[in-house]
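A.B. asks: Provided herewith is a single structure, encoded as structure tokens, for subsequent inquiry.
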């Protein structure tokens, strides 16, 4: 799993009734874009996490145009 600052991490709900949610990656702490990541939730809470198989990185759109 690789990410850059500004990407979003989709965390799938793991139990019935738990909804999926997004967090923003605000800092990549591992080498070459690998976990752990410092993330910020919509409510402003920040934490450091190493995502598991229930997570997917959504890369931010590239700002370059071709």
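Residue numbers (UniProt numbering): 1 to 66.
All residues carry an ideal CB built from backbone N, CA and C; glycine is no exception.
Under DSSP, the beta strand (DSSP E) around residue 26 begins and ends at which residues?
C.D. replies: Position 26 of the chain shown, counting from 1, holds the residue named residue 26. Here the beta strand (DSSP E) through residue 26 covers 21–28.
A.B. asks: Look at the alpha carbon of residue 28 and the alpha carbon of residue 36, and state the distance between them as a whole number of angstroms.
C.D. replies: The sequence position of residue 28 within the chain shown is 28, counting from 1. The sequence position of residue 36 within the chain shown is 36, counting from 1. If I take the Cα positions, the gap works out to 7 Å.
A.B. asks: Is residue 26 near residue 40, with beta carbons less than 8 Å apart?
C.D. replies: Mapped onto the chain shown, residue 26 falls at position 26. Mapped onto the chain shown, residue 40 falls at position 40. Result yes, Cβ atoms of residue 26 and residue 40 sit closer than 8 Å.
A.B. asks: For residue 21, which residues in the same chain have their Cβ closer than 7 Å to its Cβ, ignoring the five residues on either side in sequence?
C.D. replies: The sequence position of residue 21 within the chain shown is 21, counting from 1. Around residue 21: 11.
A.B. asks: Given a cut-off of 8 Å on the beta-carbon distance, is the pair residue 34 and residue 2 in contact?
C.D. replies: Along the chain shown, one-based indexing puts residue 34 at 34. Along the chain shown, one-based indexing puts residue 2 at 2. Their beta carbons are under 8 Å apart, which means residue 34 touches residue 2 by this criterion.
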